[in-house]
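Scroll down for the structure; my scribbles are underneath it.
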Amino acid sequence: MITTIYICDRCKHKQKGHHTPRQMWEIALVYDTPTLSYTHSPLAVRQKQMWCRTCMEEFLILPSTQKPKPPPPPEPPTLEDIIRELIIHTVEEIQS
Ligand SMILES: [Zn+2]
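Residue numbers for the sequence shown follow the numbering used here, beginning at 1 and rising by one.
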C-alpha cells in the first residue's frame with residue numbers, strides 16, 4: 001500500500017489526503033500587463049506551491065471556517081475596588 005503525504009509549503013502541515021474536507025490548495029502568483037504576461041511564463045508553474053486550508057484562511061484567500069471566539073468574561077473586582085465601593089456606600093449612608 002502506498003500512502004501519499006501532502007505537506008503545506010508554507011507551514012509544513014502534513015495530511016494524508018488531498019481531497020479531504022481540509023483539502024490542500026495549489027497557489028501561484030500570476031499577473032498580466034499590456035506588455036508582459038507572467039501567466040503563461042514557465043516561472044509561474046515553477047513557483048506554484050501547495051498550501052493547507054489554515055494558511056489559505058490566514059491570508060484571507062478563503063473565508064474563515066473558524067467560529068469567532070466569545071469575548072472574555074469581565075474581570076472580577078479587586079479587593080481595592082470592593083473597599084472603595086464599601087467606603088462610598090458608607091459615606092452615602094452617613095450623609096443621608
Ligand atoms: Zn499551511
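Note that the Cβ used here is the ideal one computed from N, Cα and C, for glycine as well.
C-alpha distance - P63 paired with I88, whole-angstrom precision: 51 Å
Taking A28 as the reference, give the member of Q66, I2, I5, I61 with the closest Cα. I61
What do you get for M162, buried or exposed, if any count of 16 or more other CB atoms within 10 angstroms of its CB means buried? Here the chain has residues from 1 to 96 only, and residue 162 is not among them.
Would you identify the three-state DSSP class for Q47, choosing helix, strand or coil? Coil.
State the Cα-Cα distance for the pair I5 and T65, rounded to the nearest angstrom. 23 Å
Any heavy atom of ligand 1 inside 7 Å of the beta-carbon of H10? The question names His, but residue 10 is Arg in the sequence shown. R10: yes, Cβ under 7 Å from ligand 1.
Taking only runs that begin and end inside the region 55-95, name each unbroken alpha helix (DSSP H) of 4 or more residues, in chain order. 79-95
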